[in-house]
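In terms of this note's numbering, the sequence shown is residues 215 to 365.
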Amino acid sequence: MATQQSEDRATVAVTPRQAEQARTVGSFLVDHHSPNVAVTVGAGSQQSLTLPPELSALVLRLIDLVGRGRTVTLGTIPDEVTTTVAAAMLGISRPSLMKLIRQERIPAYKVGSHTRLHSRDVLAFRRARLEEQGKAFDELRALEEEWGVVD
Numbered sequence: 215m216a217t218q219q220s221e222d223r224a225t226v227a228v229t230p231r232q233a234e235q236a237r238t239v240g241s242f243l244v245d246h247h248s249p250n251v252a253v254t255v256g257a258g259s260q261q262s263l264t265l266p267p268e269l270s271a272l273v274l275r276l277i278d279l280v281g282r283g284r285t286v287t288l289g290t291i292p293d294e295v296t297t298t299v300a301a302a303m304l305g306i307s308r309p310s311l312m313k314l315i316r317q318e319r320i321p322a323y324k325v326g327s328h329t330r331l332h333s334r335d336v337l338a339f340r341r342a343r344l345e346e347q348g349k350a351f352d353e354l355r356a357l358e359e360e361w362g363v364v365d
């Protein structure tokens, strides 16, 4: 496993063996529908710790990505971001972001004359937008199947 690290960021290139191990663990977890992941801690001890559901979801997502052989980067995001950074996080232009802020579709606040956003609000907006896009895609696929457009 090749790792590049800084204080707030780590990038891990996954080896084929790690990907296979992650697929095995992921399959086991899916087969057993476990909402929690038990993690054994300590040097050779039999102590275990059950992660809370929020961390379990994070670990399962990480295992899924590793299982697909993806390179994984973990990092931190500041609590407050500029409009330029927020626009980049959303994959839109800064003027488009400012329009969303004026429409009050995403919360923002002023620091002096500068507009700032909480990163949690930006990520929540991105997540909601991705869910909307997924639903729209599913509806479109259903219409295609209904009309016989898809083979």
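Every residue gets a Cβ at the ideal spot worked out from N, C-alpha and C, and that includes glycine.
Taking the C-beta atoms as reference points, Leu-311 is found no nearer than 8 Å to Ala-224.
Annotation: the continuous beta strand (DSSP E) that includes Leu-331 extends over 328–332.
Residue range 297–304 is occupied by the alpha helix (DSSP H) that includes Leu-304.
Across the structure, Ser-262 and Val-244 are spaced so that their CA atoms are roughly 21 Å apart.
Comparing alpha carbon positions, the residue from His-328, Gly-326, His-332, Ser-327 closest to Ile-320 is His-332. Annotated three-state conformation of Arg-223 is strand, per DSSP. For Ala-227, the closest of Lys-313, Ala-356, Val-286 by C-alpha to C-alpha distance is Val-286.
Annotated three-state conformation of Val-228 is coil, per DSSP. At least 8 Å separates the beta-carbon of Ile-315 from that of Thr-298. Under the three-state reduction of DSSP output, Ser-262 falls in the strand class. Separation of Asp-352 and Gly-283 (C-alpha to C-alpha, rounded to the nearest whole angstrom) is 27 Å. Residue pairing by DSSP places Glu-346 in no beta bridge whatsoever. Burial is judged here by how many other beta carbons sit within 10 angstroms of a residue's own beta carbon; Ile-277 has at least 16 and is buried.
In this structure, the CA atom of Val-325 is about 21 Å from the CA atom of Ala-338.
Taking 8 Å as the cut-off, the beta carbon of Asp-222 is found no closer than this to the beta carbon of Thr-264.
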